[in-house]
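Colleague: Numbering (this note's numbering), first residue to last: 1 to 122. The C-beta atom is built at its ideal place from N, Cα and C for all residues, glycine as well.
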Amino acid sequence: MSAQLNHTIVWCRDKQVSARYLTDLLGLPDAEPFGPMLVVKFDNGVSLDFYNNDPPIASQHYAFLIGDEDFDAAFARLQALKQPWWADPGKQRPNEINDYGGGRRVYFDDPDGHLLEIFTRE
């Protein structure tokens with residue numbers, strides 16, 4: 001038997017705002033509606049399905065492995081938003097880039113408080 005992650009639901013207050021934030025930051029195509037959700041598709045076939053829910057929204061962690069050029073572009077967009085970022089998931093190293101494993105990674109919050117991560121090496 002083979003198992004692969006296909007999709008997960010991302011609870012949010014406003015699926016339009018949350019999906020747009022992610023697609024804009026990562027330079028992805030617009031989310032596509034599917035029933036009550038907005039679906040953001042990734043190159044590996046996995047999707048994040050944004051679904052409106054009433055607060056409080058429990059914070060989750062979503063990590064995105066991207067190439068060096070894509071990291072540069074996404075990080076520049078993050079900085080243009082003047083949004084805080086950290087080198088660690090515990091948010092103890094503000095305004096630093098983690099170089100674990102010879103790559104780069106940063107952590108930041110989305111509009112609903114989900115902890116997002118972009119990184120270039122596993």
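Suppose contacts are defined by Cβ-Cβ distances below 8 angstroms. Is residue 66 in contact with residue 8 by that definition?
Modeller: Cβ atoms of residue 66 and residue 8: not closer than 8 angstroms.
Colleague: Could you give the first and the last residue of the continuous beta strand (DSSP E) run that contains residue 109?
Modeller: Note, residue 109: beta strand (DSSP E), 105-109.
Colleague: With a floor of 3 residues, list each beta strand (DSSP E) that falls wholly inside the region 30-114, ordered by position along the chain.
Modeller: Fully enclosed beta strand (DSSP E) runs of 3 or longer: 32-34, 37-41, 47-52, 61-65, 105-109.
Colleague: Measuring CB to CB, does residue 88 end up less than 8 angstroms from residue 27?
Modeller: Going by C-beta atoms, residue 88 is not nearer than 8 angstroms to residue 27.
Colleague: Nearest CA to the CA of residue 68: which residue from 99, 60, 15, 53?
Modeller: Ranking 99, 60, 15, 53 by Cα distance to residue 68 puts 99 first.
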